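S.K.: Numbering (the UniProt record's numbering), first residue to last: 1 to 505. Have a look at this one.
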């Protein structure tokens, strides 16, 4: 017997995903399609030899997948039988699937590296340059005999090799010094290496610090009476409820009393001013200070002028640092937690539950003072159970005023003590920030700043450096940002910054 035809086929990407059984069956199908004009209707049965034993049962199988069922219908047009032949005997088709090699040279073992590279000493280019520069130069007496003295003009190149080369990959000061000191020496090299590494822009933008964040806690001033200092914030993303979708949170920083004001949408500066006048100022009087984040309502000229006419100062939080407005943020967390518990079955009813949530919030004692917000702001606790208040005697006006003053004095003293303890506790996990000055250049953390990057893992951790244009406080500075970042407010907390250093070389 002699072969009369050959056939080969390159698998498509989809066919490469077939399991081994379907690929072997595909070979039979393609061969029958290729030579159909010889085999179909010939009246003479023929044999298909295969080295895949499972194919012998394909024509008698009771369960086939959709692909095999379609192919079985096609096979029904031919009179053939599948016969198994082990691969050791199926040498002719197997040989055709191997890449032909014309080389008949016997395989001789050879070393991977030439002998000269194994026995020779590896010499870096920077080492050769230093040796060339030292020709005719006598090293100082303090230079160790095993190291090369580096002239002043090559020191920055040597440090760059020990820090930026492929064998170094931007290590820190200690590891860079370890690498450079193995072969080189010059006076005050430790200071030069430290200066170079601190000034490396790649390290500044690509590395994050493992040290505690900079900036010791700067507590807000403690008020001396209720509702003289307030904090504002919004809760958004709520489902519509009686036409309301937003909650304006107003917190008294003295008593921690809170008002939750439902609004139809995120208000403008004017609408925010109308809401606080109607719901807060007409009840509690005008405040002396208003704390808020840097939302568009609170950074507008209208809001600043509104507060100026009221005689109130505007205290804005730093960019991407919500801790500055922590009391309003905490009140938001409390009301969101309660809403999840109370209206999870009927989310659109949250506005109906809000008055009860506010009453409950102001009726529970605050951990900082031990008093309820009602007691701290009104001087008494409205009854939660009216039946328990029927036998309480009506105090005289003089006694009531004295009790209010005692309550406020005790509250202020407690807040001062709690604030001092909080600062000590917080500063354990922080470190003192450097003193920034106008004109200094700093790196800005990219956390919470959207960047166009292929991979967030490989995106820079800092951008800049940017120039400091104003120092607002020991914990906040204003930066001069390029036009590409014009939508980002330029005031940042010092924990988001890193100093930009120059090199002494």
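Cβ atoms here follow ideal geometry from the backbone N, Cα and C, with glycine treated the same way. Nothing here was measured: the structure is a model prediction, and the numbers come from that model.
With burial defined as no fewer than 16 other Cβ atoms inside 10 Å of the residue's Cβ, what is the status of residue 17: buried or exposed?
M.R.: Residue 17 comes out exposed.
S.K.: Taking residue 313 as part of the beta strand (DSSP E), name the residues at either end of that continuous run.
M.R.: In this chain, the beta strand (DSSP E) harbouring residue 313 covers 313 to 316.
S.K.: Given a threshold of 16 other Cβ atoms within 10 Å of its Cβ, counted over all protein chains shown, does residue 210 qualify as buried or as exposed?
M.R.: It counts as exposed.
S.K.: Are there 16 or more other CB atoms within 10 angstroms of the CB of residue 162, so buried, or fewer, so exposed?
M.R.: With 16 or more Cβ atoms within 10 Å of its Cβ, residue 162 is classed as buried.
S.K.: Report back the beta-carbon spacing between residue 292 and residue 231 to the nearest angstrom; my notes put them in contact at under 8 Å.
M.R.: 7 Å
S.K.: Could you tell me the alpha carbon to alpha carbon distance between residue 325 and residue 212, rounded to whole angstroms?
M.R.: 21 Å
S.K.: With burial defined as no fewer than 16 other Cβ atoms inside 10 Å of the residue's Cβ, what is the status of residue 399: buried or exposed?
M.R.: exposed
S.K.: By Cβ distance, which residues of its chain are closer than 6 Å to residue 453, with the 5 residues on each side in sequence left out?
M.R.: So the list reads 459, once near-sequence residues are dropped.
S.K.: Go through its chain and collect everything with a Cβ distance to residue 285's Cβ below 7 Å, but skip five positions before and after it.
M.R.: 227
S.K.: Any chance the stretch 464 to 473 sits against the stretch 432 to 450, with 3 or more Cβ pairs inside 8 Å?
M.R.: yes
S.K.: Please name the residue or residues paired with residue 499 in a DSSP beta bridge.
M.R.: Paired residue(s): 442.
S.K.: Under a Cβ-count criterion, where at least 16 other Cβ atoms within 10 Å of its own Cβ denotes burial, should residue 252 be classed as buried or exposed?
M.R.: buried
S.K.: Helix, strand or coil: how does DSSP classify residue 553 here?
M.R.: Given a span of 1 to 505 for the chain in the structure shown, any question on residue 553 remains unanswerable.
S.K.: Going by beta carbon distance, what residues of the same chain come within less than 6 Å of residue 137, once the five residues before and after it are set aside?
M.R.: Excluding positions up to five away in sequence, the list is empty.
S.K.: Label residue 472 either buried or exposed according to how many other C-beta atoms from any shown protein chain fall within 10 Å of its C-beta, with 16 as the threshold for buried.
M.R.: exposed
S.K.: Opposite residue 262 in the DSSP bridges: which residues?
M.R.: 247
S.K.: From residue 225 to residue 346, what does the alpha carbon distance come to, in whole angstroms?
M.R.: 39 Å
S.K.: Flag this pair as yes or no: are the beta carbons of residue 289 and residue 312 separated by less than 9 Å?
M.R.: yes
S.K.: Determine, using beta-carbon pairs with one atom in the stretch 414 to 426 and one in the stretch 199 to 206, whether at least three such pairs fall under 8 Å.
M.R.: no
S.K.: Quick check: what's the CA-CA separation for residue 486 versus residue 139?
M.R.: So the two alpha carbons sit approximately 55 Å from each other.
S.K.: Measuring CB atoms only, is the stretch 40 to 49 touching the stretch 70 to 89, in the sense that at least three cross pairs come out at less than 8 Å?
M.R.: yes
S.K.: Quick check on residue 332: buried or exposed, where buried means 16 or more other Cβ atoms within 10 Å of its Cβ?
M.R.: buried
S.K.: Taking C-alpha atoms, which residue in 282, 246, 294 and 303 lies nearest to residue 269?
M.R.: 303
S.K.: Do residue 185 and residue 150 have their C-beta atoms closer together than 9 Å?
M.R.: yes
S.K.: Taking the C-alpha atoms as reference points, what is the distance between residue 130 and residue 501?
M.R.: 27 Å
S.K.: Measure the alpha-carbon distance for residue 257 versus residue 376 and round it to whole angstroms.
M.R.: 8 Å
S.K.: Is residue 201 helix, strand or coil when you go by DSSP?
M.R.: Helix at residue 201.
S.K.: Taking 8 Å as the cut-off, does the stretch 6 to 16 touch the stretch 50 to 57 (at least 3 CB pairs, one atom from each stretch)?
M.R.: no
S.K.: Jot down the residue ranges of each uninterrupted alpha helix (DSSP H) in the stretch 273 to 358, minimum 4 residues, whole runs only, in chain order.
M.R.: 301 to 310 and 326 to 342
S.K.: Could I get the ranges of all uninterrupted alpha helix (DSSP H) runs contained in the stretch 4 to 86, with 4 residues as the minimum, in chain order?
M.R.: Unbroken alpha helix (DSSP H) stretches of 4 residues or longer found wholly inside the stretch 4 to 86: 13 to 16, 20 to 34, 36 to 39 and 66 to 75, given in chain order.
S.K.: Considering residue 170, what are the terminal residues of the beta strand (DSSP E) in which it resides?
M.R.: Here residue 170 belongs to no beta strand (DSSP E), and DSSP marks it neither H nor E.
S.K.: When DSSP labels each residue in this structure, what does residue 229 get in the three-state scheme?
M.R.: Looking at residue 229 - three-state DSSP - the assignment turns out to be strand.
S.K.: Would you list, in sequence order, the uninterrupted alpha helix (DSSP H) runs of no fewer than 4 residues that lie entirely inside the stretch 410 to 482?
M.R.: Listed in chain order, nothing qualifies, since the stretch 410 to 482 has no complete alpha helix (DSSP H) run of 4 or more residues.
S.K.: Just tell me which of 340, 271, 249 and 297 has its CA closest to the CA of residue 327.
M.R.: 249
S.K.: Quick one: measure Cβ to Cβ for residue 72 and residue 35, integer angstroms, because I've assumed they're closer than 8 Å.
M.R.: Incorrect: roughly 19 Å between the Cβ atoms, too far for contact.
S.K.: At the level of alpha carbons, what is the spacing between residue 373 and residue 461?
M.R.: 43 Å
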